[in-house]
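Undergrad: Which chain is which? The protein sequence lines are A and B, in order. First residue of the first sequence: 6, per the working numbering; consecutive thereafter. First residue of the second sequence: 30, per the working numbering; consecutive thereafter.
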Amino acid sequence: ELKVEQNPLFLSMQEGKNYTIYCNYSTTSDRLYWYRQDPGKSLESLFVLLSNGAVKQEGRLMASLDTKARLSTLHITAAVHDLSATYFCAVTNSNSGYALNFGKGTSLLVTP
Amino acid sequence: DTGVSQDPRHKITKRGQNVTFRCDPISEHNRLYWYRQTLGQGPEFLTYFQNEAQLEKSRLLSDRFSAERPKGSFSTLEIQRTEQGDSAMYLCASSPSFYEQYFGPGTRLTVT
């Protein structure tokens with residue numbers, strides 16, 4: 006069974022600080038996704054990482070992928086309040102038509 | 030708006046009643062996925078269609094659940110004899126390929 010673990014599950018950080026969210030997965034997967042979810046809303050795609058060593062950046066968020074370690078990171082630089090949300094990583098399972106297997110999510114709160 | 034749409038957005042029903050949700054994918058996306066998300070958890074895969082064919086079902090999809098995608102366009106998810114444990118957000122996603130999934134706004138089901 007493909008398992009995805011995120012840590013931390015809850016994160017409170019001050020504006021202007023940096024932090025990293027970690028995503029480990031249990032078996033080989035050929036792609037990794039990061040999504041953002043605001044309370045009561047659906048999922049917004051942030052990044053799709055396709056290969057070992059892939060790095061993508063958008064604004065204050067940067068995602069990377071190490072397929073050998075089965076690890077992805079989402080790094081937050083100089084956090085602002087607007088980044089407060091829940092962040093999910095997910096990997097695909099080719100046995101289920103490339104359905105997404107999600108972690109439990111990291112609930113991020115950025116405070117002044 | 031050419032994104033994924035879902036209807037209704039909210040549904041409150043009494044235990045034992047049947048409910049049906051609809052998903053309209055992005056036009057020409059041949060893959061359609063249903064997920065369920067309970068509070069504090071990541072979405073969990075339920076089932077997936079390629080065109081009109083239902084190709085995979087999760088073990089979460091009990092025999093009270095049925096999904097269809099007639100003509101490979103919109104899809105419906107029906108839950109018969111609802112139980113309180115069915116209360117969740119039901120998310121639909123569509124995809125043009127193996128690559129990326131685009132999520133709809135979700136249908137929030139509350140079973141009283």
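Built from N, CA and C at the ideal position, the CB exists for glycine as well.
Mapping DSSP to helix, strand and coil, what is Ser56 (chain A)?
TA: Working through the first sequence from its first residue, we reach residue 56 (chain A) at position 51. In this structure, Ser56 (chain A) counts as coil in the three-state DSSP scheme.
Undergrad: Does DSSP put Ser87 (chain B) in a helix, a strand or coil?
TA: Position 58 of the second sequence holds residue 87 (chain B). Reduced to three states, the DSSP call for Ser87 (chain B) is coil.
Undergrad: Would you call the segment 21-29 of chain A in contact with the segment 78-86 of chain A, where contact means no fewer than 3 C-beta pairs closer than 8 Å?
TA: Yes: the two stretches touch, three or more of their Cβ pairs being nearer than 8 Å.
Undergrad: Does DSSP put Ser102 (chain B) in a helix, in a strand, or in coil?
TA: Against the second sequence, residue 102 (chain B) aligns to sequence position 73. Note: Ser102 (chain B) maps to coil in three-state DSSP.
Undergrad: Could you please give me the residues that DSSP links to Asp71 (chain A) through a beta bridge?
TA: On the first sequence, residue 71 (chain A) is found 66 positions in, with the first residue counted as 1. When beta bridges are read from the DSSP output, Asp71 (chain A) appears opposite A:Leu76.
Undergrad: Can you pull the DSSP bridge partners for Leu114 (chain A)?
TA: Within the first sequence, residue 114 (chain A) is the residue found at index 109, counting from 1. In the DSSP output, where bridge partners are listed per residue, Leu114 (chain A) has A:Ser17.
Undergrad: Closest Cβ-Cβ distance between Glu85 (chain B) and chain A: below 8 Å?
TA: Position 56 of the second sequence, counted from the start, is the residue given in the question as residue 85 (chain B). Answer yes: the Cβ-Cβ gap between Glu85 (chain B) and chain A drops below 8 Å somewhere.
Undergrad: Using beta carbons (cut-off 8 Å, strictly below), is Tyr24 (chain A) in contact with chain B?
TA: Stepping through the first sequence from its first residue, residue 24 (chain A) is reached at position 19. It does not; no Cβ of chain B falls within 8 Å.
Undergrad: How about Gly71 (chain B) and Gly110 (chain A): are their beta carbons less than 8 Å apart?
TA: Within the second sequence, residue 71 (chain B) is the residue found at index 42, counting from 1. Within the first sequence, residue 110 (chain A) is the residue found at index 105, counting from 1. A contact, by the Cβ cut-off of 8 Å.
Undergrad: Distance, Cα to Cα, Ser56 (chain A) vs Pro13 (chain A)?
TA: Stepping through the first sequence from its first residue, residue 56 (chain A) is reached at position 51. Stepping through the first sequence from its first residue, residue 13 (chain A) is reached at position 8. Going by the C-alpha atoms only, they are around 24 Å apart.
Undergrad: Do you know whose CA, among A:Thr33, A:Gly64 and A:Gln62, lies nearest Glu6 (chain A)'s CA?
TA: Here residue 6 (chain A) is taken as the residue at index 1 of the first sequence, counted from 1. The shortest Cα separation from Glu6 (chain A) among A:Thr33, A:Gly64 and A:Gln62 belongs to A:Thr33.
Undergrad: Hey, Arg98 (chain B) and Glu81 (chain B): beta-carbon distance below 8 Å or not?
TA: Locating residue 98 (chain B) in the second sequence gives position 69, where the first residue counts as 1. Locating residue 81 (chain B) in the second sequence gives position 52, where the first residue counts as 1. Glu81 (chain B) is positioned such that its CB atom lies closer than 8 Å to that of Arg98 (chain B).
Undergrad: Please name the residue in B:Ser87, B:Gln83 and B:Val48 whose C-alpha comes closest to that of Phe74 (chain B).
TA: Here residue 74 (chain B) corresponds to residue number 45 of the second sequence, with the count starting at 1. Of B:Ser87, B:Gln83 and B:Val48, the residue nearest in Cα terms is B:Ser87.
Undergrad: Whole angstroms are fine: how far does the CA of Leu48 (chain A) sit from the CA of Arg44 (chain B)?
TA: Taking the first residue of the second sequence as position 1, residue 44 (chain B) is located at position 15. Taking the first residue of the first sequence as position 1, residue 48 (chain A) is located at position 43. Looking at the two C-alpha atoms, the distance is approximately 28 Å.
Undergrad: Quick check: is the beta carbon of Leu138 (chain B) nearer than 8 Å to any beta carbon in chain A?
TA: Within the second sequence, the letter at position 109 stands for residue 138 (chain B). No, its Cβ sits nowhere closer than 8 Å to a Cβ of chain A.
Undergrad: List, in order along the chain, the chain B residues whose C-beta lies closer than 9 Å to that of Phe107 (chain A)?
TA: Locating residue 107 (chain A) in the first sequence gives position 102, where the first residue counts as 1. Correct list: Tyr64, Gln66, Gln70, Gly71, Pro72, Glu73 and Phe74.
Undergrad: Under 8 Å between the Cβ atoms of Val48 (chain B) and Ile108 (chain B)?
TA: As a first step, residue 48 (chain B) must be located in the second sequence, where it is residue number 19. As a first step, residue 108 (chain B) must be located in the second sequence, where it is residue number 79. Cβ atoms of Val48 (chain B) and Ile108 (chain B): closer than 8 Å.
Undergrad: Would you mind sorting Asp35 (chain A) into buried or exposed? The rule is 16 or more other CB atoms within 10 Å of its CB.
TA: Numbered from its first residue, the first sequence carries residue 35 (chain A) at position 30. It counts as exposed.
Undergrad: Relative to the alpha-carbon of Gly69 (chain B), which residue among A:Gln19, A:Gly108 and A:Leu66 has its alpha-carbon at the smallest distance?
TA: The sequence position of residue 69 (chain B) within the second sequence is 40, counting from 1. Of the candidates A:Gln19, A:Gly108 and A:Leu66, A:Gly108 places its Cα closest to the Cα of Gly69 (chain B).
Undergrad: Hey, out of B:Ile41, B:Arg38 and B:Pro54, whose CA is closest to Tyr131 (chain B)'s CA?
TA: Taking the second sequence and counting its residues from 1, the one referred to as residue 131 (chain B) is at position 102. The residue with the shortest Cα to Cα distance from Tyr131 (chain B) is B:Pro54.
Undergrad: With 16 as the cutoff for other CB atoms within 10 Å, does Gly58 (chain A) come out buried or exposed?
TA: If you number the first sequence from 1, residue 58 (chain A) lands on position 53. Under this definition Gly58 (chain A) is an exposed residue.
Undergrad: Between the C-alpha atoms of Asp115 (chain B) and Ser123 (chain B), what's the straight-line distance to the nearest angstrom?
TA: As a working note, residue 115 (chain B) is residue 86 in the second sequence. As a working note, residue 123 (chain B) is residue 94 in the second sequence. Distance between the alpha carbons of Asp115 (chain B) and Ser123 (chain B) is about 23 Å.
Undergrad: Cα separation between Val96 (chain A) and Asn106 (chain A)?
TA: As a first step, residue 96 (chain A) must be located in the first sequence, where it is residue number 91. As a first step, residue 106 (chain A) must be located in the first sequence, where it is residue number 101. About 5 Å.
Undergrad: Gly135 (chain B) versus chain A: which residues are under 7 Å apart at the beta carbon?
TA: On the second sequence, position 106 is the one that residue 135 (chain B) refers to. What Gly135 (chain B) touches in chain A: Ser47.
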